[in-house]
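Report on one structure; see the data block that follows.
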């Protein structure tokens, strides 16, 4: 729908399907964002267990957010992200429950620095990602970042496979509250060509890649929502709740009602196992 975003969230633990619309030119060319989200018990942010720290990031309600990709793709910038955050406030979206302003792919330089850390593209983000995060936080909102469980992101920027702890520490120093973790450019030895032993997909190569990052981000000084953008691969509905807070169940979305109903049908098939 031109000029609108339709956000649909299926929350299996409660069986609730909620949706919201934004009608404003700022959100033109936005297609649906569809996730299966799990309701986890909220624990203290000071819980030191992996499970406890992961659950501390999930408030038990739908996570409603904006992501830059469909609006700007790789033409993202600090000004555009901050403008989205300001629109949350001025349009009343913050009061309606929108909380996360998320940066997608193409925010980094094409190479890591000498110490192996990700480096923001300072042409797009003159004050770095932390500078944007500070402005978003000042509005009472939260900010998300994007990376990939492969050697490179979908757009060819450095991925986080093998750098999980390093990248988690970097994002923590910037004040990141949310991680969308994609599934492009995965080496063959980290994919799943067959069903894992015992049909236990939690121990599949795919799940292990996501578990590595999940274990790294729970050491952050602030709770981090972990979004498993794994496209429905590796039977993620069987193990997603043990690793993150939400997981993707399909390929890229499209701005059509037929896509909405299709993904709803897919999700319904997997409510009971969750």
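Numbering (the working numbering), first residue to last: 646 to 919.
Just so it is clear, CB atoms sit at the ideal spot from N, CA and C, and this is done for glycine as well.
Treat the numbers as computed from the prediction; the structure is a model and nothing was measured.
Of the listed residues the options, nearest to residue i (C-alpha basis)
{"i": "residue 769", "options": "750, 759, 783", "result": "750"}
{"i": "residue 850", "options": "737, 771, 837", "result": "837"}
{"i": "residue 752", "options": "740, 763, 711, 842", "result": "763"}
{"i": "residue 868", "options": "841, 874, 859, 876", "result": "859"}
{"i": "residue 870", "options": "876, 862, 877", "result": "862"}
{"i": "residue 895", "options": "911, 903, 755", "result": "911"}
{"i": "residue 833", "options": "796, 708, 772, 739", "result": "796"}
{"i": "residue 848", "options": "879, 889, 772", "result": "879"}
{"i": "residue 888", "options": "872, 899, 902, 900", "result": "872"}
{"i": "residue 886", "options": "855, 907, 831, 839", "result": "855"}
{"i": "residue 767", "options": "831, 721, 739", "result": "721"}
Close beta carbons around residue i, own chain, < 8 Å, minus the five adjacent residues each side
{"i": "residue 777", "result": "723, 726, 727, 748, 770, 788"}
{"i": "residue 901", "result": "none"}
Close beta carbons around residue i, own chain, < 6 Å, minus the five adjacent residues each side
{"i": "residue 730", "result": "746, 781, 784, 786"}
{"i": "residue 710", "result": "745, 747"}
{"i": "residue 774", "result": "765, 819"}
{"i": "residue 929", "result": "Here the chain has residues from 646 to 919 only, and residue 929 is not among them."}
{"i": "residue 815", "result": "762, 763"}
{"i": "residue 907", "result": "none"}
{"i": "residue 913", "result": "none"}
Short Cβ contact (8 Å threshold) for residue i with residue j
{"i": "residue 820", "j": "residue 779", "result": "yes"}
{"i": "residue 761", "j": "residue 802", "result": "no"}
{"i": "residue 805", "j": "residue 792", "result": "yes"}
{"i": "residue 905", "j": "residue 893", "result": "no"}
{"i": "residue 846", "j": "residue 884", "result": "yes"}
{"i": "residue 824", "j": "residue 790", "result": "yes"}
{"i": "residue 897", "j": "residue 866", "result": "no"}
Rounded distance between the beta-carbons of residue j and residue i, thought under 8 Å
{"i": "residue 822", "j": "residue 794", "result": "With a Cβ gap of about 19 Å, residue 822 and residue 794 do not count as contacting."}
{"i": "residue 829", "j": "residue 864", "result": "No, residue 829 and residue 864 are not in contact; Cβ-Cβ is about 25 Å, not under 8 Å."}
Cutoff 7 Å; reference residue i; Cβ partners in own chain excluding five residues on either side
{"i": "residue 915", "result": "882"}
{"i": "residue 800", "result": "719, 750, 751"}
{"i": "residue 717", "result": "725"}
{"i": "residue 755", "result": "802"}
{"i": "residue 857", "result": "809"}
{"i": "residue 758", "result": "764"}
{"i": "residue 734", "result": "784"}
Closer than 8 Å to chain C by CB, residue i
{"i": "residue 872", "result": "Note that chain C does not occur in the displayed structure, where there is just one protein chain."}
**Asked** Along the chain, which unbroken stretches of the alpha helix (DSSP H) at least 4 residues long are found entirely within the stretch 744–783?
**Response** 773–783
**Asked** Taking only runs of the alpha helix (DSSP H) that begin and end inside the stretch 779–846, which ones reach a length of at least 4 residues, in chain order?
**Response** Listed in chain order, they are 809–819.
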